[in-house]
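Chemist: The structure is given below, and queries will be raised subsequently.
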Amino acid sequence: MSSTDQSTAQFRKMTETPIPKLILGLAAPTILSMLITSIYNLADTFFVGQISTSASGAVGVVSSLMAIIQALGFMLGHGAGSIISRSLGSQNTEAATRFASTSFFTALAFGTVLAVCSLSTLPGFMMLLGSTETILPHACAYARPILIAAPLMMSSLVMNNILRYEGKANFAMIGLVTGGVLNMVLDPVFIFGFGLGTAGAGYATALSQGVSFCILLSMFLRGRTVSRFKLSAFTRSPEEFGTILFTGLPSFGRQGLNSIGGMLLNIAARSYGDAAVAGMSIVSRIFMFILSVAIGTGQGFQPVAAFNYGARKFRRVAQACIFTMITSFCFLVVIVSVCWFNGETLIRLFRDDPEVTAVALPAFHYQCLAILLQPVIVAGNMLFQSIGKSGRATFLACCRQGVFFIPLILTLPRMLGLVGIEICQPIADVLTFCVSVPFLFPFLRKLSKMEETETADA
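Next comes the structure, spelled out in C-alpha coordinates:
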(Lines of atoms letter the chains of each structure in order from A; the text may use other names.)
(Lines give C-alpha, C1' and ligand atoms only; values in the text may rest on other atoms or scores of the structure.)
Protein backbone atom coordinates (compact mmCIF):
# COMPACT_ATOMS: atom_id res chain seq x y z
CA MET A 185 0.00 0.00 0.00
CA SER A 186 1.41 3.42 -0.95
CA SER A 187 1.99 6.15 1.61
CA THR A 188 -0.98 8.10 0.20
CA ASP A 189 -3.29 5.11 0.45
CA GLN A 190 -2.13 4.46 4.02
CA SER A 191 -2.80 8.08 4.91
CA THR A 192 -6.31 8.03 3.40
CA ALA A 193 -7.25 4.76 5.10
CA GLN A 194 -5.95 6.01 8.45
CA PHE A 195 -7.85 9.30 8.06
CA ARG A 196 -11.13 7.45 7.52
CA LYS A 197 -10.49 5.15 10.47
CA MET A 198 -9.72 8.00 12.87
CA THR A 199 -12.56 10.32 11.79
CA GLU A 200 -15.40 7.87 11.05
CA THR A 201 -15.09 4.89 13.44
CA PRO A 202 -17.54 5.11 16.41
CA ILE A 203 -15.83 6.72 19.41
CA PRO A 204 -16.09 3.81 21.92
CA LYS A 205 -14.80 1.27 19.42
CA LEU A 206 -12.01 3.57 18.24
CA ILE A 207 -10.72 4.57 21.69
CA LEU A 208 -10.95 1.09 23.18
CA GLY A 209 -9.23 -0.33 20.10
CA LEU A 210 -6.37 2.17 20.45
CA ALA A 211 -6.33 2.08 24.25
CA ALA A 212 -6.18 -1.72 24.63
CA PRO A 213 -2.65 -2.16 23.24
CA THR A 214 -1.57 1.08 24.90
CA ILE A 215 -2.87 -0.03 28.31
CA LEU A 216 -1.16 -3.38 27.84
CA SER A 217 2.07 -1.60 26.94
CA MET A 218 1.79 0.66 29.99
CA LEU A 219 1.00 -2.28 32.27
CA ILE A 220 3.94 -4.31 30.99
CA THR A 221 6.23 -1.29 31.44
CA SER A 222 4.94 -0.84 34.98
CA ILE A 223 5.20 -4.57 35.68
CA TYR A 224 8.85 -4.69 34.69
CA ASN A 225 9.44 -1.65 36.93
CA LEU A 226 7.75 -3.61 39.69
CA ALA A 227 9.89 -6.63 38.77
CA ASP A 228 13.01 -4.53 39.33
CA THR A 229 11.57 -3.43 42.68
CA PHE A 230 10.70 -7.02 43.61
CA PHE A 231 13.99 -8.70 42.68
CA VAL A 232 16.23 -5.87 43.93
CA GLY A 233 14.19 -5.85 47.15
CA GLN A 234 15.34 -9.42 47.82
CA ILE A 235 18.92 -8.17 48.19
CA SER A 236 18.47 -5.64 51.03
CA THR A 237 16.49 -2.63 52.16
CA SER A 238 19.28 -0.35 50.92
CA ALA A 239 19.14 -1.97 47.51
CA SER A 240 15.37 -1.50 47.47
CA GLY A 241 15.92 2.19 48.20
CA ALA A 242 18.18 2.42 45.13
CA VAL A 243 15.18 1.70 42.91
CA GLY A 244 13.51 4.86 44.22
CA VAL A 245 16.63 6.91 43.62
CA VAL A 246 17.15 5.67 40.06
CA SER A 247 13.45 6.18 39.26
CA SER A 248 14.22 9.91 39.32
CA LEU A 249 16.87 9.30 36.65
CA MET A 250 14.35 7.32 34.60
CA ALA A 251 11.97 10.27 34.91
CA ILE A 252 14.62 12.55 33.36
CA ILE A 253 15.04 10.18 30.40
CA GLN A 254 11.27 9.97 30.04
CA ALA A 255 10.90 13.76 30.30
CA LEU A 256 13.13 14.35 27.29
CA GLY A 257 11.78 11.38 25.34
CA PHE A 258 8.14 12.23 25.94
CA MET A 259 8.73 15.91 25.19
CA LEU A 260 10.09 15.04 21.74
CA GLY A 261 7.67 12.15 21.16
CA HIS A 262 4.49 13.89 22.26
CA GLY A 263 5.59 17.16 20.69
CA ALA A 264 6.25 15.63 17.28
CA GLY A 265 3.43 13.08 17.59
CA SER A 266 0.75 15.67 18.19
CA ILE A 267 1.92 17.68 15.17
CA ILE A 268 2.19 14.53 13.03
CA SER A 269 -1.33 13.43 13.95
CA ARG A 270 -2.81 16.82 13.12
CA SER A 271 -0.77 16.89 9.89
CA LEU A 272 -2.17 13.52 8.90
CA GLY A 273 -5.64 14.75 9.89
CA SER A 274 -5.17 17.47 7.27
CA GLN A 275 -3.48 14.87 4.99
CA ASN A 276 0.00 16.45 4.96
CA THR A 277 2.38 13.44 4.92
CA GLU A 278 5.51 15.45 4.05
CA ALA A 279 5.26 17.41 7.30
CA ALA A 280 4.76 14.15 9.20
CA THR A 281 8.09 12.76 7.95
CA ARG A 282 9.89 16.02 8.68
CA PHE A 283 8.73 16.19 12.29
CA ALA A 284 9.26 12.45 12.86
CA SER A 285 12.85 12.63 11.62
CA THR A 286 13.65 15.71 13.65
CA SER A 287 12.37 14.28 16.91
CA PHE A 288 14.05 10.88 16.43
CA PHE A 289 17.56 12.17 15.69
CA THR A 290 17.28 14.84 18.39
CA ALA A 291 16.41 12.13 20.94
CA LEU A 292 19.55 10.18 20.04
CA ALA A 293 21.64 13.32 20.52
CA PHE A 294 19.98 14.33 23.82
CA GLY A 295 20.36 10.79 25.18
CA THR A 296 24.07 10.75 24.35
CA VAL A 297 24.68 14.08 26.08
CA LEU A 298 22.77 12.95 29.18
CA ALA A 299 24.72 9.69 29.34
CA VAL A 300 28.15 11.33 29.03
CA CYS A 301 27.44 14.09 31.56
CA SER A 302 25.82 11.80 34.13
CA LEU A 303 28.38 8.98 33.95
CA SER A 304 31.21 11.44 34.53
CA THR A 305 29.66 12.61 37.83
CA LEU A 306 27.71 9.50 38.84
CA PRO A 307 28.17 9.32 42.66
CA GLY A 308 27.41 13.00 43.12
CA PHE A 309 24.46 12.74 40.74
CA MET A 310 22.96 9.86 42.75
CA MET A 311 23.34 11.80 46.01
CA LEU A 312 21.60 14.74 44.35
CA LEU A 313 18.69 12.41 43.48
CA GLY A 314 18.26 11.56 47.18
CA SER A 315 20.56 8.61 47.83
CA THR A 316 21.96 7.90 51.28
CA GLU A 317 25.56 6.76 51.79
CA THR A 318 24.43 3.16 52.29
CA ILE A 319 22.16 3.24 49.22
CA LEU A 320 24.81 4.90 47.02
CA PRO A 321 26.78 1.80 45.85
CA HIS A 322 23.53 0.11 44.81
CA ALA A 323 22.23 3.24 43.08
CA CYS A 324 25.44 3.72 41.06
CA ALA A 325 25.54 0.06 40.03
CA TYR A 326 21.90 0.17 38.95
CA ALA A 327 22.13 3.51 37.12
CA ARG A 328 25.34 2.93 35.14
CA PRO A 329 24.01 0.53 32.45
CA ILE A 330 20.75 2.46 32.24
CA LEU A 331 22.67 5.62 31.40
CA ILE A 332 24.69 3.79 28.73
CA ALA A 333 21.36 2.80 27.12
CA ALA A 334 19.83 6.29 27.53
CA PRO A 335 20.04 7.28 23.81
CA LEU A 336 18.15 4.14 22.79
CA MET A 337 15.61 4.51 25.59
CA MET A 338 14.91 8.12 24.70
CA SER A 339 14.50 7.49 20.98
CA SER A 340 12.30 4.44 21.73
CA LEU A 341 9.92 6.75 23.58
CA VAL A 342 9.82 9.00 20.51
CA MET A 343 9.04 6.09 18.17
CA ASN A 344 6.41 4.71 20.54
CA ASN A 345 4.58 8.03 20.63
CA ILE A 346 4.77 8.60 16.88
CA LEU A 347 3.25 5.16 16.30
CA ARG A 348 0.46 5.91 18.76
CA TYR A 349 -0.30 9.29 17.23
CA GLU A 350 -0.47 7.68 13.80
CA GLY A 351 -3.13 5.38 15.26
CA LYS A 352 -0.84 2.33 15.15
CA ALA A 353 -0.80 1.49 18.86
CA ASN A 354 -0.52 -2.23 18.07
CA PHE A 355 2.91 -1.70 16.52
CA ALA A 356 4.05 0.32 19.54
CA MET A 357 2.75 -2.42 21.83
CA ILE A 358 4.87 -5.10 20.15
CA GLY A 359 8.11 -3.25 20.87
CA LEU A 360 7.25 -2.27 24.44
CA VAL A 361 5.77 -5.60 25.50
CA THR A 362 8.70 -7.57 24.08
CA GLY A 363 11.19 -5.38 25.91
CA GLY A 364 9.18 -5.52 29.13
CA VAL A 365 8.80 -9.30 29.15
CA LEU A 366 12.50 -9.71 28.36
CA ASN A 367 13.39 -7.44 31.27
CA MET A 368 11.33 -9.52 33.69
CA VAL A 369 13.02 -12.71 32.49
CA LEU A 370 16.53 -11.26 32.64
CA ASP A 371 16.21 -9.65 36.10
CA PRO A 372 16.59 -12.86 38.17
CA VAL A 373 19.11 -14.28 35.69
CA PHE A 374 21.45 -11.29 35.95
CA ILE A 375 20.83 -10.42 39.63
CA PHE A 376 21.05 -13.93 41.10
CA GLY A 377 22.15 -16.29 38.31
CA PHE A 378 25.20 -14.23 37.28
CA GLY A 379 25.64 -12.80 40.78
CA LEU A 380 25.60 -9.20 39.57
CA GLY A 381 23.36 -7.93 42.37
CA THR A 382 21.78 -4.53 41.87
CA ALA A 383 23.83 -3.95 38.71
CA GLY A 384 22.06 -6.96 37.19
CA ALA A 385 18.75 -5.10 37.24
CA GLY A 386 20.38 -2.24 35.36
CA TYR A 387 21.87 -4.56 32.73
CA ALA A 388 18.51 -6.31 32.30
CA THR A 389 16.79 -2.96 31.76
CA ALA A 390 19.45 -1.72 29.32
CA LEU A 391 19.45 -4.89 27.22
CA SER A 392 15.66 -5.14 27.07
CA GLN A 393 15.41 -1.49 26.07
CA GLY A 394 17.91 -2.11 23.28
CA VAL A 395 15.76 -4.94 21.93
CA SER A 396 12.66 -2.75 22.17
CA PHE A 397 14.48 -0.01 20.23
CA CYS A 398 15.34 -2.41 17.39
CA ILE A 399 11.77 -3.67 17.11
CA LEU A 400 10.26 -0.18 17.06
CA LEU A 401 12.83 1.08 14.54
CA SER A 402 12.05 -1.85 12.24
CA MET A 403 8.45 -0.62 11.96
CA PHE A 404 9.70 2.59 10.34
CA LEU A 405 12.39 0.96 8.22
CA ARG A 406 9.94 -1.62 6.81
CA GLY A 407 7.44 1.04 5.71
CA ARG A 408 4.75 0.14 8.24
CA THR A 409 4.20 3.83 9.04
CA VAL A 410 3.12 6.90 7.10
CA SER A 411 5.97 9.02 8.48
CA ARG A 412 9.59 8.06 7.80
CA PHE A 413 13.02 8.67 9.36
CA LYS A 414 15.34 10.50 6.98
CA LEU A 415 18.35 12.50 8.09
CA SER A 416 17.81 14.70 5.03
CA ALA A 417 14.31 15.51 6.32
CA PHE A 418 15.62 16.93 9.62
CA THR A 419 14.11 20.38 9.82
CA ARG A 420 16.30 23.40 9.23
CA SER A 421 13.67 25.72 10.61
CA PRO A 422 14.21 26.91 14.21
CA GLU A 423 10.49 27.69 14.28
CA GLU A 424 9.51 24.08 13.52
CA PHE A 425 12.02 22.73 16.02
CA GLY A 426 10.64 25.13 18.60
CA THR A 427 7.11 23.95 17.80
CA ILE A 428 8.11 20.37 18.68
CA LEU A 429 9.61 21.47 21.98
CA PHE A 430 6.74 23.81 22.83
CA THR A 431 4.08 21.23 21.98
CA GLY A 432 5.95 18.63 24.03
CA LEU A 433 6.54 21.02 26.92
CA PRO A 434 3.62 19.62 28.99
CA SER A 435 5.23 16.17 28.89
CA PHE A 436 8.62 17.62 29.79
CA GLY A 437 7.08 19.54 32.66
CA ARG A 438 5.15 16.51 33.89
CA GLN A 439 8.05 14.03 33.71
CA GLY A 440 10.74 16.55 34.67
CA LEU A 441 8.81 17.52 37.76
CA ASN A 442 8.33 13.81 38.50
CA SER A 443 12.10 13.61 38.68
CA ILE A 444 12.42 16.66 40.89
CA GLY A 445 9.50 15.54 43.06
CA GLY A 446 10.99 12.06 43.41
CA MET A 447 14.34 13.57 44.36
CA LEU A 448 12.75 15.78 47.03
CA LEU A 449 10.68 12.85 48.30
CA ASN A 450 13.84 10.74 48.67
CA ILE A 451 15.63 13.60 50.44
CA ALA A 452 12.72 14.05 52.87
CA ALA A 453 12.40 10.31 53.48
CA ARG A 454 16.11 9.66 54.02
CA SER A 455 15.92 11.61 57.28
CA TYR A 456 13.96 8.58 58.55
CA GLY A 457 16.41 5.99 57.22
CA ASP A 458 16.68 3.57 54.32
CA ALA A 459 13.37 1.90 55.27
CA ALA A 460 11.49 5.15 54.65
CA VAL A 461 13.14 5.65 51.24
CA ALA A 462 12.38 2.04 50.33
CA GLY A 463 8.77 2.25 51.59
CA MET A 464 7.90 5.36 49.62
CA SER A 465 9.65 3.93 46.56
CA ILE A 466 7.50 0.79 46.73
CA VAL A 467 4.29 2.81 47.05
CA SER A 468 5.31 4.99 44.10
CA ARG A 469 5.96 1.93 41.92
CA ILE A 470 2.65 0.29 42.84
CA PHE A 471 0.70 3.43 41.98
CA MET A 472 2.66 3.89 38.79
CA PHE A 473 1.23 0.49 37.84
CA ILE A 474 -2.33 1.43 38.83
CA LEU A 475 -2.12 4.84 37.14
CA SER A 476 -0.89 3.22 33.93
CA VAL A 477 -4.49 2.14 33.25
CA ALA A 478 -5.73 5.74 33.25
CA ILE A 479 -2.71 6.95 31.29
CA GLY A 480 -3.02 4.10 28.79
CA THR A 481 -6.69 4.94 28.18
CA GLY A 482 -5.74 8.60 27.83
CA GLN A 483 -3.03 7.76 25.33
CA GLY A 484 -5.61 5.87 23.29
CA PHE A 485 -7.62 9.09 23.31
CA GLN A 486 -4.76 11.38 22.23
CA PRO A 487 -4.55 10.45 18.52
CA VAL A 488 -8.35 10.52 18.30
CA ALA A 489 -8.37 14.06 19.69
CA ALA A 490 -5.51 15.26 17.48
CA PHE A 491 -6.80 13.66 14.25
CA ASN A 492 -10.36 14.90 14.67
CA TYR A 493 -9.31 18.37 15.78
CA GLY A 494 -7.13 18.58 12.67
CA ALA A 495 -10.11 17.39 10.59
CA ARG A 496 -12.34 19.99 12.35
CA LYS A 497 -14.65 17.37 13.82
CA PHE A 498 -14.88 19.09 17.17
CA ARG A 499 -17.87 17.26 18.63
CA ARG A 500 -16.03 13.94 18.21
CA VAL A 501 -13.15 15.40 20.24
CA ALA A 502 -15.51 16.28 23.11
CA GLN A 503 -17.29 12.91 22.95
CA ALA A 504 -13.98 11.09 22.98
CA CYS A 505 -12.78 13.02 26.03
CA ILE A 506 -15.93 12.28 28.04
CA PHE A 507 -15.85 8.60 27.09
CA THR A 508 -12.18 8.42 28.14
CA MET A 509 -12.87 9.88 31.59
CA ILE A 510 -15.79 7.54 32.29
CA THR A 511 -13.92 4.47 31.10
CA SER A 512 -10.77 5.31 33.08
CA PHE A 513 -12.78 5.92 36.24
CA CYS A 514 -14.53 2.55 35.96
CA PHE A 515 -11.22 0.75 35.46
CA LEU A 516 -9.65 2.49 38.46
CA VAL A 517 -12.56 1.78 40.80
CA VAL A 518 -12.19 -1.95 40.17
CA ILE A 519 -8.40 -1.98 40.58
CA VAL A 520 -8.33 0.26 43.67
CA SER A 521 -11.06 -1.81 45.36
CA VAL A 522 -8.91 -4.93 45.02
CA CYS A 523 -5.72 -3.17 46.12
CA TRP A 524 -7.27 -1.46 49.17
CA PHE A 525 -7.94 -4.78 50.92
CA ASN A 526 -4.58 -6.27 49.97
CA GLY A 527 -2.30 -3.31 50.62
CA GLU A 528 -0.08 -4.87 53.27
CA THR A 529 0.34 -8.07 51.25
CA LEU A 530 1.35 -6.04 48.20
CA ILE A 531 3.93 -4.03 50.11
CA ARG A 532 5.43 -7.09 51.83
CA LEU A 533 5.70 -8.77 48.46
CA PHE A 534 8.36 -6.24 47.47
CA ARG A 535 10.17 -5.96 50.81
CA ASP A 536 9.13 -7.99 53.84
CA ASP A 537 10.44 -5.57 56.44
CA PRO A 538 8.16 -4.30 59.27
CA GLU A 539 9.84 -0.88 59.19
CA VAL A 540 9.21 -0.54 55.44
CA THR A 541 5.58 -1.62 55.83
CA ALA A 542 4.99 0.84 58.68
CA VAL A 543 5.98 3.70 56.36
CA ALA A 544 4.39 2.43 53.16
CA LEU A 545 0.94 1.22 54.27
CA PRO A 546 -0.56 4.57 55.39
CA ALA A 547 0.78 6.27 52.24
CA PHE A 548 -0.70 3.45 50.18
CA HIS A 549 -4.21 3.95 51.61
CA TYR A 550 -4.10 7.74 51.22
CA GLN A 551 -3.15 7.40 47.55
CA CYS A 552 -5.85 4.78 46.91
CA LEU A 553 -8.45 7.46 47.55
CA ALA A 554 -6.78 10.27 45.63
CA ILE A 555 -6.04 8.24 42.50
CA LEU A 556 -9.76 8.10 41.65
CA LEU A 557 -9.45 11.77 40.62
CA GLN A 558 -6.88 10.96 37.94
CA PRO A 559 -9.27 10.37 34.99
CA VAL A 560 -10.22 14.06 34.91
CA ILE A 561 -6.62 15.21 35.45
CA VAL A 562 -5.19 12.93 32.76
CA ALA A 563 -7.93 13.57 30.17
CA GLY A 564 -7.69 17.35 30.54
CA ASN A 565 -3.93 17.37 30.23
CA MET A 566 -3.88 15.07 27.22
CA LEU A 567 -6.72 16.86 25.44
CA PHE A 568 -5.02 20.26 25.50
CA GLN A 569 -1.64 18.83 24.50
CA SER A 570 -3.08 16.78 21.63
CA ILE A 571 -4.88 19.72 20.02
CA GLY A 572 -1.92 22.09 20.36
CA LYS A 573 -3.09 24.16 23.37
CA SER A 574 0.37 23.89 24.87
CA GLY A 575 0.12 26.74 27.36
CA ARG A 576 -2.87 25.25 29.17
CA ALA A 577 -1.49 21.74 28.87
CA THR A 578 1.88 22.76 30.31
CA PHE A 579 0.29 24.51 33.29
CA LEU A 580 -1.94 21.53 34.09
CA ALA A 581 0.95 19.10 33.60
CA CYS A 582 3.06 21.07 36.08
CA CYS A 583 0.37 21.24 38.77
CA ARG A 584 0.52 17.73 40.20
CA GLN A 585 4.27 17.24 40.73
CA GLY A 586 5.33 20.87 40.59
CA VAL A 587 2.95 23.66 41.55
CA PHE A 588 1.46 21.65 44.41
CA PHE A 589 3.70 18.70 45.27
CA ILE A 590 7.02 20.55 45.58
CA PRO A 591 5.80 23.17 48.09
CA LEU A 592 4.00 20.42 50.03
CA ILE A 593 7.04 18.11 50.25
CA LEU A 594 9.17 21.07 51.37
CA THR A 595 6.78 22.12 54.15
CA LEU A 596 4.56 19.28 55.41
CA PRO A 597 7.37 16.95 56.60
CA ARG A 598 8.69 19.79 58.76
CA MET A 599 5.24 20.29 60.26
CA LEU A 600 3.96 16.71 60.50
CA GLY A 601 7.06 14.55 60.24
CA LEU A 602 6.71 11.22 58.46
CA VAL A 603 2.94 11.66 58.06
CA GLY A 604 3.64 14.82 56.10
CA ILE A 605 5.68 12.77 53.62
CA GLU A 606 2.91 10.18 53.30
CA ILE A 607 0.12 12.67 52.53
CA CYS A 608 1.92 15.03 50.13
CA GLN A 609 0.99 13.21 46.91
CA PRO A 610 -2.72 12.69 47.74
CA ILE A 611 -3.14 16.37 48.66
CA ALA A 612 -1.37 17.42 45.46
CA ASP A 613 -3.74 15.19 43.47
CA VAL A 614 -6.84 16.74 45.08
CA LEU A 615 -5.60 20.28 44.39
CA THR A 616 -4.72 19.40 40.77
CA PHE A 617 -8.21 17.99 40.25
CA CYS A 618 -9.76 21.22 41.56
CA VAL A 619 -7.68 23.25 39.10
CA SER A 620 -8.32 20.91 36.13
CA VAL A 621 -12.15 20.98 36.31
CA PRO A 622 -12.66 24.66 35.37
CA PHE A 623 -10.17 24.31 32.50
CA LEU A 624 -11.64 21.14 31.03
CA PHE A 625 -15.41 21.22 31.17
CA PRO A 626 -16.02 24.74 29.79
CA PHE A 627 -13.72 23.85 26.89
CA LEU A 628 -15.71 20.70 26.15
CA ARG A 629 -18.84 22.85 25.86
CA LYS A 630 -16.92 25.23 23.60
CA LEU A 631 -16.00 22.34 21.28
CA SER A 632 -19.66 21.53 20.73
CA LYS A 633 -20.36 25.16 19.84
CA MET A 634 -17.40 25.16 17.43
CA GLU A 635 -18.91 22.13 15.71
CA GLU A 636 -22.25 23.94 15.34
CA THR A 637 -20.47 26.97 13.83
CA GLU A 638 -18.50 24.73 11.45
CA THR A 639 -21.69 23.01 10.32
CA ALA A 640 -23.49 26.31 9.78
CA ASP A 641 -20.61 27.72 7.71
CA ALA A 642 -20.53 24.57 5.58
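With the numbering used here applied, the sequence shown covers 185 to 642. Each residue gets a CB set at the ideal place from its N, CA and C atoms; glycine is no exception.
(1) CB-CB under 6 Å to residue 198, same chain, minus the five flanking residues each way: which ones, in chain order?
(2) So for residue 434, helix, strand or coil by DSSP?
(3) Can you tell me whether DSSP reads residue 569 as helix, strand or coil?
(4) Could you please give the first and the last residue of the uninterrupted alpha helix (DSSP H) stretch that includes residue 305?
(5) Taking 8 Å as the threshold (C-beta atoms), are residue 390 and residue 329 in contact?
(6) At 4 residues or longer, and completely inside the segment 259 to 312: list those alpha helix (DSSP H) runs for me, N to C.
(7) Any idea what DSSP makes of residue 495, helix, strand or coil?
(8) Once you ignore the five residues that flank residue 334 on each side, which residues in its own chain have a CB closer than 7 Å to its CB?
(9) Verify whether the separation of the beta carbon atoms of residue 308 and residue 535 is less than 8 Å.
(10) Measuring CA to CA, which of 498, 394, 372 is closest to residue 571?
(11) If you check the beta carbons only, do residue 349 and residue 213 fall under 8 Å apart?
(12) Among 464, 461, 409, 613, whose alpha-carbon lies nearest the alpha-carbon of residue 582?
(13) In this structure, how does DSSP classify residue 517 when only helix, strand and coil are distinguished?
(14) Check residue 601 in the structure and name its three-state DSSP category.
(15) Going by C-alpha to C-alpha distance, which of 227, 549, 440 sits closest to residue 586?
(16) For the 8 Å Cβ check, are there 3 or more pairs between the segment 525 to 535 and the segment 543 to 554?
(17) Give the secondary structure of residue 202 by DSSP, where H, G and I count as helix, E and B as strand, and everything else as coil.
(18) State the DSSP-derived secondary structure class of residue 633, mapped to helix, strand or coil.
(19) Runs of 4 residues minimum, wholly inside the segment 536 to 584: which ones carry the alpha helix (DSSP H) assignment?
(20) Quick check: what's the CA-CA separation for residue 364 versus residue 235?
(21) Using 8 Å for Cβ pairs, my map puts residue 481 next to residue 512. What's the rounded Cβ distance?
(22) Taking the alpha helix (DSSP H) that residue 393 falls in, what are its first and last residues?
(23) Let's test the definition: count the other Cβ atoms within 10 Å of the Cβ of residue 540 and tell me whether it reaches 16, buried, or not, exposed.
(24) Pick helix, strand or coil for residue 476, following the three-state DSSP scheme.
(25) Give me, in chain order, the residues of the same chain whose beta-carbon lies closer than 7 Å to that of residue 507; leave out the 5 immediate sequence neighbours on both sides.
(26) How do the segment 283 to 294 and the segment 365 to 378 stand: do at least 3 beta-carbon pairs fall below 8 Å, yes or no?
(27) Once the 5 residues before and after residue 320 are set aside, which same chain residues still bring their CB inside 7 Å of it?
(28) Confirm, please, whether the CB-CB distance from residue 336 to residue 394 is below 8 Å.
(29) Run through DSSP, which three-state label would residue 197 get?
(30) Which residue wins for smallest C-alpha separation from residue 484, given the options 505, 192, 280?
(31) Whose CA, out of 266, 502, 567, lies closest to the CA of residue 629?
(32) Note the first and the last residue of the continuous alpha helix (DSSP H) segment covering residue 367.
(33) Let me confirm a value: residue 522 is counted as buried when at least 16 other C-beta atoms fall within 10 Å, else exposed. Which label applies?
(34) Anyone know if the C-beta pair for residue 366 and residue 344 falls short of 8 Å?
(35) Out of 332, 410, 225, 262, point me to the one whose CA is closest to residue 278's CA.
Modeler: Quick answer:
(1) 351, 491
(2) helix
(3) helix
(4) Element bounds for residue 305: n/a, residue is neither H nor E.
(5) yes
(6) 277 to 304, 306 to 312
(7) coil
(8) 253, 295, 298, 299
(9) no
(10) 498
(11) no
(12) 613
(13) helix
(14) coil
(15) 440
(16) yes
(17) coil
(18) helix
(19) 538 to 554, 558 to 570, 574 to 582
(20) 22 Å
(21) 5 Å
(22) 382 to 405
(23) buried
(24) helix
(25) 203, 204, 207
(26) no
(27) 307, 310, 311
(28) yes
(29) helix
(30) 505
(31) 502
(32) 353 to 372
(33) exposed
(34) no
(35) 410
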